[in-house]
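Student:
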Amino acid sequence: MGNKNKTISFRVSEDKFETLREIAEERDISLSAVFRDYVDTLVSHDGQVKVAPEHEFEDDATETSTESFPPKVEVPKSFVREHERLELEAEHLREQLEEHKRYVTKLRQQLDEMDQDEVIHLEDLDQGEEEDASYRIGSFDDR
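Read left to right, the sequence shown gives residues 0 to 142 (numbering that gives the first Met the number 0).
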């Protein structure tokens, strides 16, 4: 569920840039927030967005419908709760993965630091070196 942000570049004329800056100042938001709102609206409406001055929109809206723009969709609380639960679970799993990666790294470092004489390969045990001491796996207390 990695939600990575990507960068989108817009090229606009200087006049349009100033207009966009004025819009941002009127709404008391950043200029990048204006672009994010535009892109979000564009994506949510499958690219079917018409940019028009407010006075034209207000005239059209009063003539055709009483719905607000952009359209709003009500989502059941159970859906929101389930989404939040899944986000928390995903975050927990990410934390566990990071912990596991740190543990594996620690084990690899310990293995790299270990002398080769301390490492016993199972294949070497099978070759019948009976003069060596016997080996036991695990730790048993014989007391």
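Glycine included, C-beta positions come from ideal geometry on N, C-alpha and C. What you are looking at is a predicted structure, and each value in this text was computed from that prediction instead of being measured.
Between residue 94 and residue 108, what straight-line distance do the alpha-carbon atoms span, to the nearest angstrom?
Tutor: 21 Å
Student: Residue 33 and residue 23 - do their beta-carbons sit closer together than 8 Å?
Tutor: yes
Student: If I measure Cβ to Cβ from residue 20 and keep anything under 8 Å in the same chain, skipping five residues before and after, which residues do I get?
Tutor: 30
Student: Going by C-alpha to C-alpha distance, which of 52, 75, 90 and 101 sits closest to residue 2?
Tutor: 90
Student: Suppose the cutoff is 7 Å on Cβ atoms and the five residues either side in sequence are ignored; what does the same chain contact list for residue 48 look like?
Tutor: Cβ neighbours of residue 48 beyond the five flanking positions: 40 and 41.
Student: Distance check for residue 106 and residue 72, CA to CA, integer angstroms please.
Tutor: Residue 72 and residue 106 have their C-alpha atoms some 51 Å from each other.
Student: Helix, strand or coil: which one does DSSP assign to residue 100?
Tutor: Helix, per DSSP.
Student: Note down the Cα distance separating residue 87 from residue 81, rounded to an integer number of angstroms.
Tutor: 10 Å
Student: Judging by CA-CA distance, which residue of 10, 69 and 5 is the nearest neighbour of residue 45?
Tutor: 69
Student: Give the single residue among 53, 5, 13 and 121 whose Cα lies nearest to the Cα of residue 25.
Tutor: 53
Student: Just to confirm the assignment, what range does the alpha helix (DSSP H) spanning residue 26 have?
Tutor: 13-26
Student: For residue 39, report the span of its alpha helix (DSSP H) as first-last.
Tutor: 30-43
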